[in-house]
Every structure is written in structure tokens, then in C-alpha cells.
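Chains as they are written, first to last, in our numbering: chain A, 10 to 515; chain B, 10 to 515.
Glycine is no exception: its CB is placed at the ideal position from the N, C-alpha and C atoms.
Working notes, beginning with the structure itself.
Number of protein chains: 2
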Amino acid sequence: MSTNLWQTLRRAESLFGDRPAVVDGGTRYTYREFAHRCRSLSGALQADGVRAGDRVAVLMANGHRYLECYFALPGMGAVMVPLNNRLAAPEHRYILEDAGVHTLIVDEANADMGEALADCVQRVVLGSSAYDDLVASAETAALPVATQDDDLAGLFYTGGTTGASKGVMLTHRNLVANALHIALALEYTSGDVYLHAAPMFHLADGASTYAVTWVGGCHTFLPAFDPATAIDLLAQHRVTSLLLVPAMISAVVNHPAAATADFSSLRLVFHGAAPINTALLRQAIDVMGCSFAQGYGMTEASPLVTVLDHEEELVDSPRLRSAGREIVGVEVQVRSEDGSRVATGEVGEVVLRGPNVMKGYWNKPEATAEVLIDGWYWSRDLGYLDDEGFLFLVDRAKDMIISGGENVYSIEVEDAVARHPAVVDVAVLGVPDDRWGERVHAVVVLREGTELSLEELRTHCKALIADFKCPHSLDVLAELPRSGAGKVLKRDLRERYWGDSDRRIN
Amino acid sequence: MSTNLWQTLRRAESLFGDRPAVVDGGTRYTYREFAHRCRSLSGALQADGVRAGDRVAVLMANGHRYLECYFALPGMGAVMVPLNNRLAAPEHRYILEDAGVHTLIVDEANADMGEALADCVQRVVLGSSAYDDLVASAETAALPVATQDDDLAGLFYTGGTTGASKGVMLTHRNLVANALHIALALEYTSGDVYLHAAPMFHLADGASTYAVTWVGGCHTFLPAFDPATAIDLLAQHRVTSLLLVPAMISAVVNHPAAATADFSSLRLVFHGAAPINTALLRQAIDVMGCSFAQGYGMTEASPLVTVLDHEEELVDSPRLRSAGREIVGVEVQVRSEDGSRVATGEVGEVVLRGPNVMKGYWNKPEATAEVLIDGWYWSRDLGYLDDEGFLFLVDRAKDMIISGGENVYSIEVEDAVARHPAVVDVAVLGVPDDRWGERVHAVVVLREGTELSLEELRTHCKALIADFKCPHSLDVLAELPRSGAGKVLKRDLRERYWGDSDRRIN
Chain A
10 MSTNLWQTLR RAESLFGDRP AVVDGGTRYT YREFAHRCRS LSGALQADGV RAGDRVAVLM
70 ANGHRYLECY FALPGMGAVM VPLNNRLAAP EHRYILEDAG VHTLIVDEAN ADMGEALADC
130 VQRVVLGSSA YDDLVASAET AALPVATQDD DLAGLFYTGG TTGASKGVML THRNLVANAL
190 HIALALEYTS GDVYLHAAPM FHLADGASTY AVTWVGGCHT FLPAFDPATA IDLLAQHRVT
250 SLLLVPAMIS AVVNHPAAAT ADFSSLRLVF HGAAPINTAL LRQAIDVMGC SFAQGYGMTE
310 ASPLVTVLDH EEELVDSPRL RSAGREIVGV EVQVRSEDGS RVATGEVGEV VLRGPNVMKG
370 YWNKPEATAE VLIDGWYWSR DLGYLDDEGF LFLVDRAKDM IISGGENVYS IEVEDAVARH
430 PAVVDVAVLG VPDDRWGERV HAVVVLREGT ELSLEELRTH CKALIADFKC PHSLDVLAEL
490 PRSGAGKVLK RDLRERYWGD SDRRIN
Chain B
10 MSTNLWQTLR RAESLFGDRP AVVDGGTRYT YREFAHRCRS LSGALQADGV RAGDRVAVLM
70 ANGHRYLECY FALPGMGAVM VPLNNRLAAP EHRYILEDAG VHTLIVDEAN ADMGEALADC
130 VQRVVLGSSA YDDLVASAET AALPVATQDD DLAGLFYTGG TTGASKGVML THRNLVANAL
190 HIALALEYTS GDVYLHAAPM FHLADGASTY AVTWVGGCHT FLPAFDPATA IDLLAQHRVT
250 SLLLVPAMIS AVVNHPAAAT ADFSSLRLVF HGAAPINTAL LRQAIDVMGC SFAQGYGMTE
310 ASPLVTVLDH EEELVDSPRL RSAGREIVGV EVQVRSEDGS RVATGEVGEV VLRGPNVMKG
370 YWNKPEATAE VLIDGWYWSR DLGYLDDEGF LFLVDRAKDM IISGGENVYS IEVEDAVARH
430 PAVVDVAVLG VPDDRWGERV HAVVVLREGT ELSLEELRTH CKALIADFKC PHSLDVLAEL
490 PRSGAGKVLK RDLRERYWGD SDRRIN
């Protein structure tokens, strides 16, 4: 039995052919029109020599053309390689060469980069006009190519620097499984209007792409995140659901336009990247008036693993600090280094399995063997499960600080620091220290017009967490370096303190 | 990656351990207790010599012990063989021998039959006490055995007579897929309380078994259908969802107790077997006040294929006569005999594919090859699709009668009737019946100078086939209409009984 991701669009076209698939600025396509464009793109690329198994990279801002690639490329048996538009040319070059990309599809916003990378690939489709010409040029629309469950649908690169970046091989079966899991977990229906607000190159947003299509929902787009535009689009398109990272939620609810905005169509804000600050959640519930859910996952899991839903009912519960529970279809355990399961409440490494778990890392069998063991994916995240299966993440294994022989989990310290009224953003990391080996160091962004001394911060923290966990040093920055998905780039912060020498593996 | 159906119960135990799994009369088990009983049953059967791959048959009325078998048997790698308690001894005997059943589990209500069948199997677990003793005897609870996706979880027999009955091989992957599909289609959540009202040996009810468990819902039971008891249980257990066949819906809403009953907990009545009569639907909406959905499927599809949901919004729509649309996860097409797709609105054979489609018929490679072609299952049902993918069935598998929710194959009844010495020719078909939906009706040609009463025919048939398959009405003709090739023209016969009005079969 062959499962092709194209089935998600095929169903939408058969059942909802006359209903809107995309609304993108002034462009509107029904599912029939949208599927036709996808078939045409496949046909044109085939005519251009792209064959099943070939890699095709996409470097674009959010929009309907990006969405077309999500269906046309796997549909024709090609392997989609989404590129993070915040990467530098050498990073892109590494990915294009590592993946052996045949064709690169680029929009105007990334035209310079596309030109700079032209020598890495056989063809660049440069700009929306060229893209649309290509679609229009297809004489016959290609049918989706038969695939096996285990065939690759996408290569999603994690990390950013050339040494560390790995291509996560996701198969048709992986992404079909995630689509079913997330549709069930987030209750998507044909009535949904989904706004692609976070970058589409990242699976945090991509997670919902196939699910929303499969049930016949409508896609709308924010080309680049901006709170004012987001607020406008939510009302204009009667958006029902979207993914935002907490920093985006904060930007929306603190925007002057939020007070008078129309959020009445929203049923769900799904957020990833970090547990939500209680004060921010209260504010967001008050302002946006919808349901909130948090997801935990990773590219290697296609990506969704756990969901904490109905956070609006948990504002007074300690479980608001959790990442939620395993979704239907994914099994989560916490294990010690020897591979055995730890007791409820004990910290260990989060491991998981399910049909959504990646096939492996592209051309990296050793890296694959390190994390895929007996069908389980070892996430390198540290956490514990409570007695009802709520997962509490305490740190990335690599971010755990060992200070004076004690394990300090940076997330716990960050939670404590974040509760200080002057703090708007925080990252905690270990820095070299002659006496302690590593020292707990806080980097904060302060509310405008406020100040914060180390003494005051320590006094604040000591009321909340053990003395040895409290920061021993403090830096104030104007803003924290973040990834496209909104995660703090601790790697970048660490480089300031560890330099190139003698630092731990990132 | 191994997928075992046990994962559905494992998740419920981890996440909802202290919440109710089953409420069965005075018996209540939490998910922790229920999972423990299932592990104990597995352990006891293993100690008794049952190994992975062995077949274990179940002949019981609805109840928590039946539900335990649904998890314990696949969980230990055994193959569950549910038996229809309305079959006659020779029919059971055929199934037990065809499947090579190791152990037969029987309750008090079927004790006589169990004793009569004891020589067919290595062991009979006879009665609830013996069953509970077995569970209590397990010294160590068995863990679920690792399985492959393609390993059998159940053998579900269709039909009844030795010639026609086939064991449908459903794998772990098939039933896991259906559980995901149906959970999404029927929106099951941990808040659901599901009443097993239709027989649990049939996948029409079994369809929801794994889904309700996976999301952490609660199971309640009606040992044998009776409208008064059903009405009582709905209120008493605050039931939210159940499957009923239209005849059962009719019995419930026409019962005197319905007028004052408390149906307030109900969110969904799911019905199968036949489209619902508009007058009955109006009455049911009025009386029960919940949402109604129809499902179309077959054992070979594990079973769900299409759903027509929110029928309460379709009472004035011609689409109420449809079987609904393909659910997420299943692809439906209508094809002509040459294998090509027919146009929208044209009648052809319903074919489908998906991870829910059976592995094949047990020990019947030729029968399998007739219906499983290039990954598609050919249903032998005739129908057409409208322009939005609604499936309209115009003929069931051409000889099948659905009477009171039971499938009756006319060829099998014809075989029995034909053995009567007075009968020289026979055709059996379903005719409209207010109570049963369809009634088994026999049309016969008699030997010259003989007579045959309905009573005499029924007495004759009851010795050969199950009671529910025996004709309930009889017409005598001088000859049967036949085609040039000698086939009885059932279509012509049916027109006498179905006329042109509001019918769906020919």
C-alpha cells in the first residue's frame, strides 16, 4: 500500500473543490485551482528533468507558492528541502551541497541569495514571475508519482553552522502520521482558517500544513511576522487557528491595535518553543479570548510529540509549566543513561517512538545510530513525567549546567528569573568558572526604563529556587539572539563566554 | 517500528490511570485496574500454552470481559476470533476449524454452545467464574509481545455457511489506522462515555473500541439490545456516544419510556447498516436531541470508509440518502468493470484503499486476489459519487440483505431453502420491513402438486442456518425471471417490493 502526501490535497480537491484553499493578499484559489497549480508545477519540474528522489530546495517567505511546493514536490516523488531564510550564504551552500539539490526555488525577497547560490544547483527558479511562468508553461499536469511509505518526502535541516547541521529525513509515512496525529490533537475541521504566521520553512508551522489541507480547511499567510499585520489578517480572514511562539504572542497582545482588534473568529492559538509565562498567558486569554495549547516536538518527530491543551483552564495549575502529554500516536518515556525507565518524577532523557519518527539523518549513519535505538528516538531533552503522564522538560542535555557538582537545569532558573517584574526575556547558561567548573549565568532583556542588579536578582531568585541554582553573574542585552522558530540561540550566547576553545559540544 | 494495538490501552493507563475504563453493571475498573486485568489474562493464557500467532475465539455477550479480550489477545500477539452468538453450531464449528482456534472463551449465556464446541479446540474457558479464576491465577502479568505492523490482530468471519464464510485478516496496523481515522471522524475525546449497545463481535461496534480507549474515554455495556435497558443506561451512565442500527434507533424512540427519558448527556448517535429514514431521523432528533452520523464500511476495511455527519442538518437534503464522504485516511473511488474511474454521478463499483484495508482472507488466496487488486479493495458495492464526493450506494453486494443490523447473504439462505424437497427454484432477497429495515424474503417455485407453508419452510431452514437468516415471508411463483444466461433477475423481483419510491436498492 502506497501512501503519498498528495492524498491530503487529493481529498481536499475531491470533497472541497469549490471551497477556498488559499487566501494570500489578493490571490484566492479554490482547492480545484490550487491542486491544478500544484500538478502544473510538478509537470514543469518533470519536464525540466527533476525525477523522483531528486532534492528541490525552497527559499521563500510565507505564501501560497511555498504551500504549493509542500504538495507538488512530494506529490511527484521529489524531496523537498526547505531553507531557513535567516541563514548565511555559506550555511545555505553547505546544505545545498550536502543534500545534492537539483533545483532551487527562490522568491524576490531572497533573490540575491538565490543568485549567489546558483552555482550549487542545476537550476534556480528565481522570483515569483519565473515561478508563475513555470507553472503556466506546463503542458500536461503530472500525476502524483507512486511512492512507498518509506520514501523521502522532505529533508529538513536542523542547526545552522556547517559542522553541526544535519538533514532530517522525513518519509511520506512520517508526515502522513503527524498530519493525522495533529488533526486529532488540535481538532482541525473543514471550518478552520489557518494563518501561517511562523516561518513555513520550519516544521513548527509545517506541522499543521498537511492536516489543515486534509480536512479541507483554508490557508492564509503572513509573509514575515509583524504584530500589526497579524492583527489585521486575523480579523480580515476570520482566522480560526495559528501557531505563534510566545514572543509573537507577546508582541501581538502588547501592540496598541490589540485593544480594539477583532479576535472573535479565533478558536485556538497553538504555541511552541517554550512554556508560556503565566502573566503573558493571562493577558493573552484576556485579549484574544480563545483557547491556548502548547506543543512540544522536534523536526526528528515530524514534529509533534506532546500537547498541553486548554491552557486557559490551567493558569493556576503547576501543570502550566509542563509540555503536556503524549498525543495519540506517539509514545513517550523518560529513561536513564543505561536505557532503563526512571520512576515517576525522576529526571532522565525523553525518548519516544511512533510512525512519525524520522528515517534518520541524511548521509550520517553514525549520528543516526546515536539517536535511533531499537525503534526509539533519544531526544537529548531532559525531563520527567508526573503521575498522569504530563511531561516536564528541565533542559536540553547539552544546556544542563554542572556547577560545583550539582546539576542545574537552565529552564528552572529561567522560570524564576522571568518572574521578576523588570525582566521581559531571559536565557540562563553555564559559563566557565575557575572555582565551580561552570557558573550559572543569566542574560536578560529588561523592560524599558528599568534596571536590575545581580544582588536584586539573586534575592528574587532565592525566594523561588535553591541557592546553588541562582545566577552568579548577569548580563543585560537589548535583545536575545533567536532562531527563525523563536528559540533562543544559546549556542550564540555561549560563544561569547566559551570562545572556540574548550567548550562543550553544542 | 512495531505498532501493537496494546499501545491504545497503554496510553490510557499512563495518562488516565485513575479514571474509569469500564462501568459494567456493578463492576467498575479504573484504567489501571482494567489494564492489570488484561495483562493477567494474557499471562494466564501464555501459561496455558497460547503463543503469539495462535487464534483465540470469543463467544460472549457484551461486557467488560469481552473488552478485555480486545486488548489482552492482540497485546500478547494472539489473534482474536470474535464469534457471532446467533450462529448455529455447524457454523461455529466451521469457523473454529478453519481458523485452527487454540482456545475458546465463552460466557454463561453461551455455555451450552461452548460445551458443544469443546472438541474443536484445545481449551474452553467456560463461564465468567472460570474466566475470572483464570485472570486471578496469573502469577505474573505478561507484557505485550512485540509485533510487526503486518502481524494479525484479529480474524473476523463474514457470512456463516461453510462455503461462504471467510476469515478477514486484520493486522495491528489495520486496526490502529481505523482507530485514528474514527477518532478524528467522530471527534472522540477523554470526556466520552461510550455505550456498547450493538454486539461487540461485530466491527460496527468494535470500530470505536480502540479509539475510545486511546483517547481515554469510558466504556459501558448493554449485554443484549433492549430499548428500555438502553434508555436506562444512557441516563444512568451519562453516555455521550454509541452506535445503533436504524432498527435500534426506532425501538428506542418509539419506546414509551423515551418520552420522559434523560438523553441530555448524548452528543452523538452513530448508525450503520443503512441510511436512515427521514421520518425516523426527524423523530430521533426530536426525542434524543443530539447529533447523528452515519457510517459506511465493511469488515475488510476495519471497518470505516465514509461518514455522513451532522445528519440533523441534512433532513431536507437529498444527501441524507448518501453514505457520506471518505474519512481522512481512506481513499474512495468508483470504477467500471474495466478498472477505469467512472464520471461523477455514474454508477460503478466502490473501490477503496488505505492502511485500514485487510491483509486478505484467511487461507483463501484466490478470494483475496479477487478483491485486493494493486492495493485497492473492490467492495462489490455499487454506487456513485456526486460533485463533492458524497457516496450514494445503489446496490449493496448484490446478494446481501441487511436485516436488523445483521448481514444475510441470500445465496446462503437459497442453499438452505433449496434443500427442501418441494422446492425446485428459489431466490432470496431483502424486502422493506418497518421493524428490521429489510426482511429476508423467499420466492420459490414448487414441485408440481406440492405445497409449502412459511412455517414449514422456517422449520426446515432452522435446522441448517441461524434463526435470523431464515425467511420471514414467502411468495410462490410459477417461474422466476431469468436472464438469457440463466441468472435469476433479482432486480426484477425487487421492483415488486421496493417500487420506485424512496428506495436505495435497485
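Where residue i meets chain A, residues with beta-carbon distance less than 7 angstroms
{"i": "W223(B)", "result": "V337"}
{"i": "E340(B)", "result": "Q16"}
{"i": "A6(B)", "result": "The structure shown does not extend to residue 6(B), since chain B is modelled only from 10 through 515, so no value can be given for it."}
{"i": "R350(B)", "result": "Within 7 angstroms Cβ-Cβ: nothing; R350(B) doesn't reach chain A, min ~11 angstroms."}
{"i": "A192(B)", "result": "L193, V337"}
Closest Cα partner of residue i within the set the options
{"i": "P91(A)", "options": "L152(A), Y166(A), E117(A), E42(A)", "result": "Y166(A)"}
{"i": "L184(A)", "options": "G354(A), V115(A), W223(A)", "result": "W223(A)"}
{"i": "D141(B)", "options": "C47(B), D107(B), Q303(B)", "result": "C47(B)"}
{"i": "Q292(A)", "options": "V144(A), G34(A), V177(A), V261(A)", "result": "V261(A)"}
{"i": "R20(A)", "options": "R362(B), Q245(B), L212(B), A451(B)", "result": "R362(B)"}
{"i": "C479(B)", "options": "G413(B), L242(B), M85(B)", "result": "G413(B)"}
{"i": "A150(B)", "options": "A53(B), H228(B), E457(B), L189(B)", "result": "A53(B)"}
{"i": "L105(B)", "options": "L135(B), L68(B), G348(B), L179(B)", "result": "L68(B)"}
{"i": "E309(A)", "options": "T39(A), A216(A), G398(A), S51(A)", "result": "A216(A)"}
{"i": "L251(A)", "options": "A237(A), A66(A), T218(A)", "result": "T218(A)"}
{"i": "L18(B)", "options": "F80(B), A56(B), Q55(B)", "result": "F80(B)"}
{"i": "T156(B)", "options": "A147(B), V144(B), L461(B), H181(B)", "result": "H181(B)"}
{"i": "N372(A)", "options": "K175(A), G333(A), D159(A)", "result": "K175(A)"}
{"i": "E423(B)", "options": "A87(B), T377(B), R467(B), G200(B)", "result": "R467(B)"}
{"i": "F399(A)", "options": "Y418(A), R328(A), Y386(A)", "result": "R328(A)"}
{"i": "W445(B)", "options": "G34(B), T459(B), V417(B)", "result": "V417(B)"}
Chain A contact residues for residue i, given Cβ-Cβ distances below 9 angstroms
{"i": "E42(B)", "result": "The contacting residues do not exist; E42(B) stays about 16 angstroms from chain A at best."}
{"i": "R428(B)", "result": "The contacting residues do not exist; R428(B) stays about 42 angstroms from chain A at best."}
Limits of the alpha helix (DSSP H) - the one that residue i falls within
{"i": "V115(B)", "result": "Premise fails: V115(B) lies in the beta strand (DSSP E), 110–115, not in any alpha helix (DSSP H)."}
{"i": "Q157(B)", "result": "That residue, Q157(B), is in no alpha helix (DSSP H); it is neither H nor E in DSSP."}
{"i": "M122(A)", "result": "120–125"}
{"i": "T315(A)", "result": "Per DSSP, T315(A) belongs to no alpha helix (DSSP H); it is in the beta strand (DSSP E), 313–317."}
{"i": "R19(A)", "result": "15–25"}
{"i": "Q131(A)", "result": "Where Q131(A) is concerned, there is no enclosing alpha helix (DSSP H), given that its DSSP letter is neither H nor E."}
Paired residues, beta bridge with residue i - DSSP
{"i": "T167(B)", "result": "K175(B)"}
{"i": "I45(A)", "result": "Correcting the residue type first, residue 45(A) is His in the shown sequence and not Ile. The partner list for H45(A) (beta bridge, DSSP) is empty, contrary to what the question assumes."}
{"i": "G446(A)", "result": "D442(A)"}
{"i": "M89(A)", "result": "V65(A), G163(A)"}
{"i": "M409(B)", "result": "Y418(B)"}
{"i": "I382(A)", "result": "W385(A)"}
{"i": "H205(B)", "result": "F230(B)"}
{"i": "T36(B)", "result": "D33(B)"}
Per-residue contacts from residue i into chain B (C-beta, under 8 angstroms)
{"i": "L574(A)", "result": "This structure gives no information on residue 574(A), because the portion of chain A shown stretches from 10 to 515."}
{"i": "E196(A)", "result": "E196"}
{"i": "L329(A)", "result": "The contacting residues do not exist; L329(A) stays about 17 angstroms from chain B at best."}
Start-to-end residues for the beta strand (DSSP E) that takes in residue i
{"i": "G298(A)", "result": "Careful: G298(A) lies outside any beta strand (DSSP E) and carries neither H nor E."}
{"i": "M307(B)", "result": "Premise fails: M307(B) is in no beta strand (DSSP E) and is neither H nor E."}
{"i": "A436(A)", "result": "432–442"}
{"i": "D390(B)", "result": "385–394"}
{"i": "F279(A)", "result": "277–280"}
{"i": "T229(B)", "result": "227–230"}
Listed by chain order, chain B residues near residue i by CB distance under 7 angstroms
{"i": "R276(A)", "result": "Residues of chain B passing the Cβ test: none, with the nearest at roughly 14 angstroms."}
Interface partners of residue i on chain A, CB under 8 angstroms
{"i": "K344(B)", "result": "In the sequence as presented, Lys is not what sits at residue 344(B); that position holds Arg. Within chain A, no residue comes near R344(B); the closest Cβ sits about 15 angstroms away, beyond 8 angstroms."}
{"i": "L179(B)", "result": "Correct list: empty, because the minimum Cβ distance to chain A is about 14 angstroms."}
9 angstroms Cβ cut-off: residues of chain B touching residue i
{"i": "L323(A)", "result": "Per Cβ cutoff of 9 angstroms: no residues; L323(A) is ~15 angstroms from chain B at best."}
| field | Chain-ordered residues of the stretch 74–107 of chain A with a beta carbon less than 9 angstroms from chain B | value | Residues are counted here when their Cβ sits less than 9 angstroms from a Cβ of chain B; for the stretch 74–107 of chain A the count is zero.
| Using Cβ-Cβ distances below 9 angstroms, what residues of the stretch 42–66 of chain A are close to chain B? | So the list is empty, because no residue satisfies the distance condition.
| task | Determine which residues of the stretch 121–137 of chain A have a Cβ less than 7 angstroms from any Cβ of chain B, and write them out in chain order. | result | So the list is empty, because no residue satisfies the distance condition.
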